[in-house]
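From first to last, the protein sequence lines stand for chains C and L. First residue of the first sequence: 572, per the working numbering; consecutive thereafter. First residue of the second sequence: 670, per the working numbering; consecutive thereafter. The next block holds one structure in the form of C-alpha cells; read it before the comments.
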Amino acid sequence: MSTAGGAVVVDYEELRRMSRVWRETAESLAKQALSVASIATERCIFTNAIFDPAGAARVETSILAASAIPHGLAALATRIAADGLALEGVVLKEQLVDDFPARQLWSLEAAMSTATVRFAFAPGQTLHDLESRGAGFAGAMVGYLSPFTEPLLEAFAPSASFKVDAALHRPVVVDPILGAPLALVSRVAPERSGYVSVSKYRPLWGGTASGSIGGVMHRISALEGFPEASLAVEAVTSADGVVRYVVELPGIRHLGAAADPQDLSGAVNAMEARTTAYTRCVSEALDAAGAPEGAQVMLVGHSQGGIVAMDLAGDPAFNGGRVRVTDVLAAGSPISAKHVVAGSGTAVFSVENVADVVTHLDGVDSASAPEAGARLTYQFAEDQQGIGANHSATLYANKLDALADSPNPLVRDFTAQVAPYLTGRTTTTVYTISDAVPR
Amino acid sequence: MSDLGGLAAELEQRATSVELIGDQLVHVAAIAIWSSVAADAFRAQVDRRRSECGDVASMLRSAASAVRHFAAEVEAEKERLRRIEEAALHGVEKFVSLAGRL
C-alpha cells in the first residue's frame, strides 16, 4: 500500500521481515533468560554460602530478578514476542483487506444480478460483459493469491512429482498438472541460433546514461513497447576512463510461439536450459557493440530478461570467458533457483513483487534463501489487481526509483557498486533480435 | 563455570549482548521502508524496548556486582577464619610447649 506524496508507505514484505527479526530476538532473549537463571543454581554459590549466607541470598535474588518476570530478560522476551506478533497480525489483516479485489467482485456481482433481464434484450453483449468482468475478477484474484503460490501449489497441484519438488523447495522441472518434464518444450520448440541486427528504432534516451537502477529499468520498459523484439547495449565510459557495458534485456512479448526469442517457449527454455536463442543474441550484440574480451558487463533484465541474465551469469563460457559479469539486476524474474558461476564475484540484485505470479513460477520461495551482499532479493507487495499490472516493468522501475534513497545497507552497497555503469559518456545501440537469420 | 569471578564475567557479557540486541532492533526499525503514523508509533515503541533492554542490562550488571561483592565477602571471611585457625594453632603449640617444660 502507498499513497501519492509519500505520506503513507507500507511495504508489507519488509514488515514481515521485521516481525521475523522480532520473533528471533524474543527467542534468543528467552534462551538467555534460562541461561542466566541457571547461573543462580551454580554450585560455587551454594558451597560459599556458609561464609556469607546473606550475600549468597542477595546474589540469588539479583540474578533471578535479572532473568525472570516482571522486569527481567524473560519479561522482555515476552514483550518483544508480543510486539512481533502484533506487527504480523496487523500486516496480515491490512494486506488481506487492502488487496482483496472487492471492486472487481462487486462489478461481477452487479453484472450477474441483472444478467437474466439483459440477456433477453442483448444476449451477445451480456455474455461478453460477464466474460470481461469475470476475467477481470479472475486476474485480480491471481494477484491476491500470488503471495501464497508455493504453499497452494504444494497442497493442490495434481502432479505428485511437482508436489514433492515444491515441498522440498526444489526448482520446478515438471508441469504441475500432468507432471510432464519442462525439458520437453525444448524438444517440441527447439532453440535456434539467434540473430541480431541494429534496430531502425532510436530511443529518445539513446546516448545518455540512465543515471540510476530505476532509470535503467524504465529503459527496459520502453524497449518492451517497441514494435520488434529488442535488446539494448550501452557502452558507458565513466570517470575512471574504463568502458563498461550495460545490457538491457526486456521480458516476454508473445504468450505463444513467435519468430523471436521473447516468446513463451523461449521463456520456458530459459528456465530449463542455460543456452537459448536469447542468450546467443546477447553474445552477438556484445560482439556487434565491440565489447572486448573480458569487458565488465552489467546485465539488467525484466521477467524473461532476468532469467536470461542469470543464465548468462551462470555460464562459465560467458561470465569469466567472453566477458566479466560484475552485476545482475533482475526484476519480476523467477530466478531463485539460478546461480552465478562459482567464484565469479557477480553480485545479483533481484526485485520481486510478491503479488506478481511470474516471480513464483520456479516454485522456489526466495524468502527461504538468506540475504547476503552478493545476492540480495528485495521483495515487496504491491497488488495492482491484475496479472499484467503486477508484473509490469514500469511498476518495478518505479519501485527501484523509490529504493534510490533506501537506508537499507545492502541496497546502498549494490547501488554504489553499479554507479560506474550508470553515469558517464554513453553510446546506445538497440538491436532487433530473432530466433534465426531472417529469410 | 566454577568460580564466582567467572559467574560475574558471564553476567556482564550477557548485559552487553542485551544492549546490542536493543540497538539492533532500533536499527532494523529505522531502515524499514515504512512511513506512517503507525510506523512512528511503532518506532517509538522500539525506542522504549531499547530502553528496557538497557534496564535489563543494568540488572545483569548489578547481579554481576552482587556476585563480585559476595566473592569479596567470602574471601574476607575465609581470611578471617584462616587467621583464627592460625591463632588457635599457635595457642595450642604454646600450651603444649609450656606443659612440656613443666
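The beta carbon of each residue, even a glycine, is placed where N, CA and C say it ideally should be. This one's a predicted model, so the numbers in the text were calculated from it and none came from an experiment.
CB contact below 8 Å: Glu942 (chain C) versus chain L: Low confidence applies here, because Glu942 (chain C) scores a pLDDT of 47, under 50, leaving its location unreliable; read the following figure in that light. No, Glu942 (chain C) does not count as interfacial toward chain L.
Buried versus exposed, by CB contacts within 10 Å (16 or more), Trp677 (chain C): Exposed.
Nearest candidate by alpha-carbon position, reference Ile690 (chain L), set C:Glu631, C:Ser764, C:Leu647 and C:Ile640: Ranked by Cα distance from Ile690 (chain L), the options C:Glu631, C:Ser764, C:Leu647 and C:Ile640 are led by C:Leu647.
Enclosing beta strand (DSSP E) for Asp898 (chain C) [first to last residue]: It spans Val894 to Ala902 - the beta strand (DSSP E) in which Asp898 (chain C) sits, taken as one unbroken run.
In chain order, each alpha helix (DSSP H) run of at least 4 residues that lies wholly inside the segment 947-981 of chain C: Counting only runs of 4 or more residues that sit fully inside the segment 947-981 of chain C, the alpha helix (DSSP H) segments are 958-962 and 964-974, in chain order.
Val767 (chain C) versus Asp898 (chain C) - alpha carbon distance: For Val767 (chain C) and Asp898 (chain C), the distance between alpha carbons rounds to 23 Å.
From C:Thr948, C:Gln950, C:Ala830 and C:Asp972, residue whose alpha carbon lies closest to that of Arg1012 (chain C): Nothing can be reported for residue 1012 (chain C), as the shown portion of chain C is limited to 572 through 1010.
Selection of the segment 591-621 of chain C by Cβ proximity to chain L, strictly under 8 Å: Cβ contacts with chain L: Val592, Trp593, Thr596, Ser599, Leu600, Gln603, Ser606, Val607, Ile610, Glu613, Arg614, Cys615, Ile616 and Asn619.
Ile753 (chain L) burial status per 10 Å Cβ neighbour count (16 or more: buried): A residue is called buried once 16 or more other Cβ atoms fall within 10 Å of its Cβ, and Ile753 (chain L), having fewer, is exposed.
Distance, Arg741 (chain C) Cα to Ser792 (chain C) Cα: Put simply, the backbone Cα of Ser792 (chain C) is about 31 Å away from that of Arg741 (chain C).
CB contact check: Thr637 (chain C) to chain L, cutoff 8 Å: This sequence places Ala at residue 637 (chain C); Thr is not what is there. Among the CB atoms of chain L, one or more fall inside 8 Å of the CB of Ala637 (chain C).
Among C:Ala627, C:Ala657 and C:Ala637, nearest to Leu586 (chain C) - alpha-carbon criterion: Ranked by how close their Cα comes to the Cα of Leu586 (chain C), the residues C:Ala627, C:Ala657 and C:Ala637 have C:Ala657 in first place.
Local conformation of Glu613 (chain C) per DSSP, three classes: Of the three classes helix, strand and coil, the one that applies to Glu613 (chain C) here is coil, per DSSP.
Option in C:Pro863, C:Tyr715, C:His910 and C:Ala645 with minimal Cα separation from Glu721 (chain L): Of the listed residues, the one whose Cα sits closest to Glu721 (chain L) is C:Ala645.
Under 7 Å from the C-beta of Ser731 (chain L): neighbouring residues of chain C: Ser633, listed in chain order.
Residue-chain proximity (Asp672 (chain L), chain C), Cβ-Cβ < 8 Å: Yes, Asp672 (chain L) lies at the interface with chain C (some Cβ there is under 8 Å from its Cβ).
Neighbouring residues, chain C, relative to Gln714 (chain L) (Cβ below 7 Å): Within chain C, the residues near Gln714 (chain L) are Asp654.
Beta carbon proximity, Ala735 (chain L) to chain C, threshold 8 Å: Closer than 8 Å to some Cβ of chain C, the Cβ of Ala735 (chain L) qualifies, so yes.
Interface flag, His738 (chain L) vs chain C, CB-CB below 8 Å: By this cut-off, His738 (chain L) is an interface position.
Contact with chain L by Asp858 (chain C), beta-carbon distance below 8 Å: No - not a single Cβ of chain L is within 8 Å of the one on Asp858 (chain C).
Where Glu953 (chain C) meets chain L, residues with beta-carbon distance less than 8 Å: For Glu953 (chain C), no chain L residue has a Cβ inside 8 Å of its Cβ, as the nearest lies near 12 Å away.
Cutoff 8 Å: Ile651 (chain C) Cβ touching any chain A Cβ: Any reference to chain A falls outside this structure, whose protein chains are C and L.
Closer than 8 Å to chain C by CB, Arg683 (chain L): Under the Cβ criterion of 8 Å, Arg683 (chain L) is counted among the residues facing chain C.
Contact check, Ser963 (chain C) vs Thr930 (chain C), beta carbons under 8 Å: Result no, Cβ atoms of Ser963 (chain C) and Thr930 (chain C) do not sit closer than 8 Å.
Start-end ranges of the beta strand (DSSP E) lying completely within the segment 814-861 of chain C, minimum 3 residues: Those beta strand (DSSP E) runs which fall completely within the segment 814-861 of chain C and span 3+ residues are 814-820.
Those residues which DSSP pairs with Thr998 (chain C) across a bridge: Bridge partners of Thr998 (chain C): C:Ala806.
Member of L:Ala701, L:Leu676 and L:Leu767 whose CA lies at the smallest distance from the CA of Ser609 (chain C): Selected option, being the one with the closest Cα: L:Leu676.
Neighbour list for Asp724 (chain L) in chain C, Cβ cutoff strictly below 8 Å: Within 8 Å Cβ-Cβ: His642.
Those runs of the beta strand (DSSP E) which lie wholly inside the segment 725-807 of chain C and span at least 3 residues: Runs found: 766-769.
Local Cβ density within 10 Å of His699 (chain C), reported as buried at 16 or more and exposed below that: Under this definition His699 (chain C) is an exposed residue.
Beta-ladder partner(s) of Asn924 (chain C), from DSSP: The partner list for Asn924 (chain C) (beta bridge, DSSP) reads C:Phe951.
His696 (chain L): first and last residue of the uninterrupted alpha helix (DSSP H) it sits in: First-last of the alpha helix (DSSP H) with His696 (chain L): Leu673 to Ile700.
Pair within 8 Å by beta-carbon distance, Ala637 (chain C) and Gly643 (chain C): A distance below 8 Å separates the beta carbons of Ala637 (chain C) and Gly643 (chain C).
Option in L:Lys763, L:Glu744 and L:Arg683 with minimal Cα separation from Phe622 (chain C): Considering only L:Lys763, L:Glu744 and L:Arg683, the residue with the shortest C-alpha distance to Phe622 (chain C) is L:Glu744.
Run of the beta strand (DSSP E) containing Ala866 (chain C), from where it starts to where it stops: In the DSSP assignment, Ala866 (chain C) falls within the unbroken beta strand (DSSP E) covering Ala866 to His873.
Contact set for Gly995 (chain C): own chain, Cβ-Cβ below 7 Å, skip 5 residues either direction: Spatial neighbours of Gly995 (chain C) in its own chain (CB-CB distance under 7 Å, excluding positions within 5 residues in sequence) are listed in chain order as Ala780, Val807, Thr808, Ser809 and Ala810.
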